[in-house]
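Student: Using the numbering used here, the first residue of the sequence shown is number 1, and each one after it goes up by one.
Just passing along the structure, written as structure tokens.
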Amino acid sequence: LGNEISYPMKPFLVESSRDVFWERALEVIERLSADMLRLNAEPRFFTEVFQDLKRHGGAGEGGASGPGASAAAKIKNNAALSGL
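Printed below as a string of structure tokens:
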């Protein structure tokens with residue numbers, strides 16, 4: 001398994017928005033956890049996503065969800081659909 005990265009939550013938690021934060025966190029987990037698990041479990045998928053990210057360098061891809069779309073674009077599209 002790969003390295004884990006964690007971030008302190010305290011800067012993101014404010015008493016008035018604590019519930020909003022956790023609702024949003026659960027939405028992100030629900031939407032993207034399958035892709036994150038796949039990245040960790042399938043070396044070929046990880047390599048494909050990594051190469052796509054390097055190649056595109058953060059450039060936007062519109063409507064990247066069809067069969068010819070890159071793996072990174074599909075993950076990005078899933079994130080966009082959930083409002084990330």
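Even glycine gets a Cβ: it sits at the ideal position worked out from N, Cα and C.
1) Can S17 be considered in contact with the ligand SAH, in the sense that its beta carbon sits closer than 7 Å to one or more heavy atoms?
2) Could you tell me whether the Cβ atoms of H56 and A34 are closer together than 8 Å?
3) Cβ atoms of L37 and V49: under 8 Å apart, would you say?
4) Apply the 10 Å Cβ neighbour rule to K76 and answer buried if 16 or more other Cβ atoms are within range, or exposed otherwise.
5) Assuming R31 and N78 form a contact by the criterion Cβ under 8 Å, report the distance between their Cβ atoms to the nearest whole angstrom.
6) Taking the C-alpha atoms as reference points, what is the distance between I29 and K54?
Tutor: Looking at the atomic coordinates:
1) Of the ligands one can find in the structure shown there are none, so the ligand SAH has no counterpart to examine.
2) Not closer than 8 Å, so no.
3) Contact annotation: V49 and L37 have beta-carbon atoms that are not nearer than 8 Å.
4) The residue in question, K76, is buried, as its Cβ has 16 or more Cβ neighbours within 10 Å.
5) Contact flag correct, Cβ pair sits at about 6 Å.
6) For I29 and K54, the distance between alpha carbons rounds to 24 Å.
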